[in-house]
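Adding 30 to a residue's 1-based position in the sequence shown gives its number in the working numbering. Taking it in order: structure first as structure tokens, then the write-up.
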Amino acid sequence: MSTPERHKLEFGDRLRELRENAGYSGREFASAAGWQPSKISKIENGKQLATDADLLTWVRLAKVPEPAATELRDELRTIRLESSSWKRQLRTGHRRRQEHSRGIEAEASTIRAFELVVVPGLVQTADYARHVLGSAAALQQVPNDTDAAVQVRLERQHALYDSAKHVELLIAESALRYFACPPQTMVAQIDRLIALCGLATVRFGIIALNTRLPHIPASGFWIIGDTVFVETVNTEINTDDPDDVALYNQLADSLWQTAVEGDDARRLLVQISTEIARLPDSPTTKD
């Protein structure tokens with residue numbers, strides 16, 4: 031049994047003990063929480079990891095004192111970090127992870143993305159995605175299934191045309207100025223973004239260089255439905271804690287206030303594309 035799986039099982043045992051000490055049977059606890067009884071069994075047996083919202087409900091019903099509740103929340107986040115490490119998620123390559131993202135995005139009614147140094151996957155061209163995913167596979171030293179992963183990443187873009195969804199994509203200009211691909215690939219990627227400016231189902235914006243920011247974002251982030259996703263070098267952090275989600279939505283709202291959109295965004299894209307097109311290939315941009 032792997033370390034994350036063992037920790038999930040131990041965490042489930044703790045939750046079972048809390049439920050029993052509160053005097054609930056599994057079925058009674060599920061009814062009080064508004065869950066299916068099978069969910070209790072899966073969490074307690076380590077088959078399913080509780081979400082932040084699940085844990086909030088659990089400690090409330092079991093009347094867990096605040097110090098112990100805080101300890102449980104910290105333990106849950108530690109387990110999630112272990113389970114979400116890129117080495118673990120990408121052990122068979124990127125395709126499986128892209129399929130996971132596709133499923134999450136398909137179910138969500140809202141998608142809000144902010145990126146500092148990369149074009150969001152939902153609008154990447156095939157060539158740009160190939161360079162990004164290939165670079166990530168090399169860094170993480172995981173199987174390189176880039177072609178298959180690119181295909182799924184492109185399939186994710188169906189979400190852009192779903193009128194039932196609310197999609198917001200915000201990038202810093204640095205995402206266009208730094209690129210892990212040849213200049214001509216970046217020019218083609220920017221052409222894709224120019225076309226995006228006219229898409230009625232997507233809100234697209236750019237925070238230009240030399241813009242004073244209301245708050246400093248430490249990294250890019252995605253808010254998909256009621257869950258926040260933040261990628262680091264070695265893992266992915268996600269949370270559905272209502273306070274965390276509200277904080278990230280507040281940050282996104284404040285960043286949007288500094289962005290250019292519509293024709294202004296289009297003009298900035300054309301300007302950047304023109305400048306990049308004049309760049310010669312260099313050792314830092316060649317394959």
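Glycine is no exception: its CB is placed at the ideal position from the N, C-alpha and C atoms.
Cα separation between Arg296 and Asn279?
25 Å
For Ile201 and Glu261, the rounded distance between their alpha carbons
15 Å
Quick one: any contact between the segment 69-88 and the segment 257-271, if contact means 3 or more CB pairs under 8 Å?
yes
In the structure shown, what three-state DSSP assignment does Leu229 receive?
In this structure, Leu229 counts as coil in the three-state DSSP scheme.
Identify every residue that forms a DSSP beta bridge with His196.
Thr140
Using a 10 Å radius around the Cβ and a threshold of 16 neighbouring Cβ atoms, would you call Glu137 buried or exposed?
exposed
What does DSSP give as the partner residues of Gly235 in its beta bridges?
Leu200, Glu291
The segment 208-221 in contact with the segment 238-249 per 3-pair CB rule at 8 Å:
no
Starting from Thr87, follow the beta strand (DSSP E) in both directions and report where the run begins and ends.
DSSP places Thr87 in no beta strand (DSSP E) but in the uninterrupted alpha helix (DSSP H) bounded by 82-91.
Pull up the CB-CB distance for Ile73 and Ala80, whole angstroms please, since I reckon it's below 8 Å.
Right, their Cβ atoms sit about 5 Å apart.
Closest by C-alpha distance to Ile254, when choosing among Leu169, Glu185, His130
His130
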